[in-house]
Amino acid sequence: MELESKTSINENSIDVETLFEEFSDVNMYQNNLYLAFQLHPMATNREIHRRYQQITVAKNIGAEIPVGKMQWSGFQSKNETAQELLDIFEKSKRPEFLLLQKFFWFWPEGDNDIFLDKFSDGDHETIKNLWVQQKKNNNFTAIHNLAIYYHLIVLDRCLKLEAMDHNQMKQIIQLWHLIYDTWGTMIEREEIWLEVNRSIREIDDVRLKTGFSRKIRNNLVKILFLSQARCYLNAIEQKRFEFARELFQSMQWHAHQFPQGWEVIRNMLNLQKERFSLVIQQTYGFSNKNGAEGLKYLKELLRNSQWFFDINPLAATEIKEITNEIDKDLFYLSKYCIQAYDNATERWDVIVNVLDKLKKFFPEWEEEIANYKTEFEERLATNHHFLTSYHQELPPEVKKVIENASKLVNETEFEQSQTVLREFFQKTQHTLFRHEVKAIYTALAFSLNHLASRTFNILTEKMKNPTDQILNVLRNYENNEEYFEALLKAARNGEIDYVKEAGYLYCQSCGDSLGAYDDHVVVEEKDILVIFCVFCFNRHQNQLIREKREIKEVVRHCFSLSKEAYLLNPMSITIKNNLDFITKEASFWSITVPNPAIKKLNLFPEEERLKKSDQPPIVSTERLSGEKKYEIDKNTGITVEKPVIKKDPEKPKVDPIKTVQEIAKPSTENQKKPQSDNKKIWAFPSAIWLIGLGVLICLFSIIAALAIR
29 MELESKTSIN ENSIDVETLF EEFSDVNMYQ NNLYLAFQLH PMATNREIHR RYQQITVAKN
89 IGAEIPVGKM QWSGFQSKNE TAQELLDIFE KSKRPEFLLL QKFFWFWPEG DNDIFLDKFS
149 DGDHETIKNL WVQQKKNNNF TAIHNLAIYY HLIVLDRCLK LEAMDHNQMK QIIQLWHLIY
209 DTWGTMIERE EIWLEVNRSI REIDDVRLKT GFSRKIRNNL VKILFLSQAR CYLNAIEQKR
269 FEFARELFQS MQWHAHQFPQ GWEVIRNMLN LQKERFSLVI QQTYGFSNKN GAEGLKYLKE
329 LLRNSQWFFD INPLAATEIK EITNEIDKDL FYLSKYCIQA YDNATERWDV IVNVLDKLKK
389 FFPEWEEEIA NYKTEFEERL ATNHHFLTSY HQELPPEVKK VIENASKLVN ETEFEQSQTV
449 LREFFQKTQH TLFRHEVKAI YTALAFSLNH LASRTFNILT EKMKNPTDQI LNVLRNYENN
509 EEYFEALLKA ARNGEIDYVK EAGYLYCQSC GDSLGAYDDH VVVEEKDILV IFCVFCFNRH
569 QNQLIREKRE IKEVVRHCFS LSKEAYLLNP MSITIKNNLD FITKEASFWS ITVPNPAIKK
629 LNLFPEEERL KKSDQPPIVS TERLSGEKKY EIDKNTGITV EKPVIKKDPE KPKVDPIKTV
689 QEIAKPSTEN QKKPQSDNKK IWAFPSAIWL IGLGVLICLF SIIAALAIR
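Going left to right, the sequence shown walks through residues 29 to 737 as my numbering numbers them.
(1) Provide the residue span of the alpha helix (DSSP H) that contains Pro123, from first to last.
(2) May I have the straight-line CA-CA distance separating Asn399 from Gln446, to the nearest angstrom?
(3) Straight-line CA distance for Phe147 to Ile171?
(4) Can you tell me whether DSSP reads Leu557 as helix, strand or coil?
(5) May I ask you to report which of helix, strand or coil DSSP gives Tyr80?
(6) Between Thr495 and Leu383, how many whole angstroms is the CB-CB distance? I'm expecting something under 8 Å.
(7) If you count every other CB in all the chains shown that lies within 10 Å of the CB of Gly543, and 16 or more means buried, which is it?
(8) Is it right to say Leu734 is buried, meaning 16 or more other beta carbons lie within 10 angstroms of its own, or is it exposed?
(9) Between Ala749 and the rest of its own chain, which residues show a CB-CB distance below 6 Å, the 5 nearest in sequence each way excluded?
(10) Asn59 to Lys401, Cα distance in whole Å?
(11) With H, G and I counted as helix, E and B as strand and the rest as coil, what does DSSP make of His68?
(12) My guess is that Ile176 and Trp204 are in contact by the Cβ rule of under 8 Å, so how many angstroms apart are they, rounded?
(13) Please look up how many angstroms separate the CB atoms of Ala28 and Met197, rounded, as I've assumed it's under 8 Å.
(14) Examine the Cβ distances between the region 265 to 276 and the region 231 to 239 and report whether three or more of them are shorter than 8 Å.
(15) How is the alpha helix (DSSP H) around Asp608 delimited, first residue to last?
(16) Contact between the region 575 to 594 and the region 606 to 618: three or more CB pairs below 8 Å?
(17) On a CA-only basis, which of Ile716, Val549, Phe131 and Cys186 is nearest Ser255? Give me that one, please.
(18) Identify the continuous alpha helix (DSSP H) that holds Ile619 and give its terminal residues.
(19) For Glu552 and Lys576, I'd like the C-alpha separation in whole angstroms.
(20) For Trp159, which residues from the same chain have a beta carbon less than 6 Å from its beta carbon, with the 5 sequence-adjacent residues on both sides left out?
(21) May I have the straight-line CA-CA distance separating Arg503 from Leu248, to the nearest angstrom?
(22) Mark Lys536 as exposed unless 16 or more other C-beta atoms lie within 10 angstroms of its C-beta, in which case mark it buried.
(23) Check the DSSP bridge columns for Glu552 and list the partner residues they point to.
(24) Does Tyr534 come out as helix, strand or coil in the three-state DSSP assignment?
(25) With C-beta atoms as the reference, is Val558 less than 7 Å away from Val501?
(26) Are three or more beta carbon pairs between the region 468 to 477 and the region 503 to 519 nearer than 8 Å?
(27) Pairing CB atoms from the region 426 to 444 with CB atoms from the region 474 to 488, are three or more of them under 8 Å?
(28) Near His179, what residues of its chain come up, given a Cβ to Cβ distance below 6 Å and the 5 sequence neighbours on each side ignored?
(29) Pull the bridge partners of Ser541 from the DSSP assignment, please.
(30) If you draw a straight line from the C-alpha of Gln334 to the C-alpha of Ala593, how long is it?
(31) State yes or no: is the C-beta of Lys130 within less than 7 Å of the C-beta of Ser241?
(32) Buried or exposed, going by whether 16 or more other CB atoms sit within 10 Å of the CB of Ser615?
(33) Measuring straight from C-alpha to C-alpha, what distance separates Phe103 and Asp53?
(34) DSSP on Gly522, reduced to helix/strand/coil?
(35) Nearest-angstrom Cα distance between Phe560 and Gln569?
(36) Using the C-alpha atoms, what's the distance from Leu487 back to Ile579?
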């Protein structure tokens with residue numbers, strides 16, 4: 029067998045953990061070299077290479093691949109084409125991979141094992157029973173072959189879950205218990221590992237040391253857990269959730285016997301958490317096109333994932349925390365699906381019903397679900413109240429503007445939505461009735477509230493990003509994991525100065541060496557202890573200061589938007605809750621903002637002023653007088669009703685956007701005249717008194733001077 033060059037040992041060395049994870053696949057036996065090439069387990073390098081040449085020739089001339097020495101009937105290789113077989117050979121050029129291929133296949137009992145030949149011909153049950161009898165006599169070959177056989181059968185069945193019933197799945201779970209028991213026995217038998225060392229010597233590659241046998245022995249249980257974890261994830265993908273639950277509980281049970289399993293379970297659930305995040309994105313995009321189908325998918329996902337909430341109480345605390353995170357992801361998936369359904373259909377009555385059902389799945393989120401439900405109930409009521417009538421039907425042009433603005437909000441065009449409403453209001457404010465103005469103000473308030481929410485959400489996502497220096501540390505950690513862990517231990521033990529004096533201290537961000545007289549800074553970021561040089565620390569601090577300044581500006585902007593929305597629609601519970609939330613955030617960042625408990629904005633100051641004089645409202649007289657005339661507005665493209673109004677005496681223009689204090693400012697011209705006249709009346713006597721007082725002082729001074737003489 030032609031192997032790679034043996035001179036460059038360090039260049040071709042591989043990470044053992046990565047190798048085991050790559051090897052421990054559900055298809056690990058289907059991709060086995062001895063099954064794919066139909067080889068005898070004792071095949072030499074020469075025989076493997078001869079078989080490789082046969083397959084290469086068959087590929088080049090387009091002929092069928094000739095039959096190998098061992099048929100291995102009953103076991104089907106996943107790789108059927110010549111190119112797929114050659115790819116397996118390329119992987120097996122790595123000596124570690126070839127040794128794993130040898131280990132995870134059947135071993136013969138001596139040079140001529142007739143029983144293994146019968147097994148290869150398809151008589152599996154008879155030979156399996158023979159191995160069971162030999163296992164009782166402590167035959168290490170039988171123990172090894174039984175362990176491989178059980179594992180191979182289980183993985184093969186896990187790939188065919190769609191055609192399996194409940195009883196067959198229970199048999200698979202029982203087989204997993206038998207596998208852990210058999211593999212535990214295999215780990216303890218020294219003869220098996222002496223055989224592995226003999227295989228290492230047969231491979232005869234300088235890159236493969238006998239110490240690799242010890243690594244396989246130490247990680248054999250981990251390989252078993254990894255393969256079972258892949259079966260679990262495969263069951264999730266095939267939507268066999270009950271079987272996945274049984275597999276998960278089996279892994280938990282055996283992790284108490286083999287503690288290495290807990291690490292695999294943690295990684296598996298983290299991977300499952302990432303897959304849920306992917307499902308969130310896919311469902312959100314899918315639901316935007318078809319909201320009803322997205323909501324249906326959500327219901328199915330929640331129903332089949334209910335077992336996550338009934339996790340085995342014997343599980344480790346870390347596992348429980350991960351499942352809680354998955355629980356949280358499921359909840360936010362629900363919110364995304366509901367939001368997508370809202371954008372696609374605006375059927376808020378359906379959403380309210382779905383939220384009622386979600387309470388059963390997420391009892392710990394009951395308060396947030398209740399708030400979310402209140403928002404949709406309010407939107408449902410608002411939609412009915414404002415877009416139909418205020419006890420009167422809205423004019424077509426007003427209704428059309430509000431509907432266009434609502435559509436822009438759903439398309440996240442919040443600024444454009446506000447522009448449409450404001451421009452329409454500025455042009456028509458003196459011709460609108462009270463309920464029409466309220467409808468426009470309510471639509472504008474919801475647009476402002478959505479803009480504030482989106483701006484704050486963008487800020488929240490940005491706050492999760494670490495600084496550039498922390499990112500550099502995380503990148504460096506991947507290639508210097510052992511050094512970083514040793515440095516962390518030294519920092520916690522107060523031994524950093526000794527490390528610096530020895531010349532082994534480096535900045536974890538830029539990698540510069542820190543000498544005995546160089547300053548360093550220790551920073552603790554989210555349970556990570558980082559050592560910076562002064563330059564990197566200053567850059568880290570400056571970036572944090574800039575981000576904090578930006579955060580404050582965004583929070584102020586969000587507060588001003590929410591405040592304006594609250595002024596326009598103070599009856600909205602959602603807007604009030606958002607304003608309170610942003611106020612708390614502003615307090616957290618030490619930002620001074622006005623008290624949100626603001627007086628209600630008077631939308632109709634002119635009407636309030638006219639009530640005192642018992643005059644009819646001006647807007648009302650304008651709308652009811654004159655003939656109606658229609659024309660198309662050039663800016664908005666809306667058909668606007670233009671009444672021909674009889675000219676009334678000019679009246680002062682009033683802008684209802686101003687605050688109550690500015691609008692209701694009383695006229696003081698009539699009061700100033702009498703005040704100024706009184707001042708003129710009293711001005712002359714005051715001057716006479718001053719002159720007289722001056723004359724008296726002069727007389728007294730003259731008399732005093734004469735008296736002294």
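By construction, the Cβ of each residue, glycine as well, lies at the ideal position given by its N, Cα and C atoms. It should be emphasised that the depicted structure is a prediction, and the values quoted were computed from it without experimental measurement.
Reading it off the structure:
(1) Pro123 to Phe131
(2) 26 Å
(3) 15 Å
(4) strand
(5) helix
(6) That pair is no contact at about 39 Å.
(7) exposed
(8) exposed
(9) In the structure as shown, the chain begins at 29 and stops at 737. Residue 749 is therefore absent and cannot be evaluated.
(10) 52 Å
(11) coil
(12) Incorrect: roughly 15 Å between the Cβ atoms, too far for contact.
(13) No statement about residue 28 is possible, as the shown extent of the chain runs from 29 to 737 and does not include it.
(14) no
(15) Ile601 to Phe616
(16) yes
(17) Cys186
(18) First-last for Ile619: undefined, no H or E at that position.
(19) 18 Å
(20) Ala170, Asn173 and Leu174
(21) 30 Å
(22) Sequence check: residue 536 is Gln here, not Lys. The residue is buried, with at least 16 neighbouring Cβ atoms inside 10 Å.
(23) Leu557
(24) strand
(25) yes
(26) no
(27) yes
(28) Ile207
(29) Tyr534
(30) For Gln334, the pLDDT reaches just 48, beneath the cut-off of 50, and the residue's location in the model is therefore unreliable, although a value from the coordinates is still provided. Cα to Cα, Gln334 sits roughly 39 Å from Ala593.
(31) no
(32) exposed
(33) 16 Å
(34) coil
(35) 11 Å
(36) 7 Å
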